[in-house]
Amino acid sequence: MRVWEHRFKSRQSVPVFEKINSSIEIDKYLYNEEIEASIAYACALNKAGVLTNHE
Numbered sequence: 036m037r038v039w040e041h042r043f044k045s046r047q048s049v050p051v052f053e054k055i056n057s058s059i060e061i062d063k064y065l066y067n068e069e070i071e072a073s074i075a076y077a078c079a080l081n082k083a084g085v086l087t088n089h090e
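Numbering (this note's numbering), first residue to last: 36 to 90.
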């Protein structure tokens with residue numbers, strides 16, 4: 036079952052998105068690294084003046 040399955044009953048699935056989403060079993064092992072990478076990127080954007088400390 037897909038998370039959004041009940042919300043969008045009338046919509047058909049798109050094969051390319053099904054393929055992308057099929058990697059979730061592998062992706063769940065990488066979430067810590069993804070979060071760390073996002074934080075590092077946000078810090079770099081802050082240092083460059085693109086993001087404020089609040090953002």
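C-beta: ideal position from N, C-alpha, C; glycine also.
Just so you know, these numbers come straight off a predicted model, no measurement behind them.
Beta-carbon proximity check, residue i vs residue j, cutoff 8 angstroms
{"i": "L86", "j": "A77", "result": "yes"}
Terminal residues of the alpha helix (DSSP H) in which residue i lies
{"i": "A79", "result": "Y66 to K82"}
{"i": "V51", "result": "P50 to N56"}
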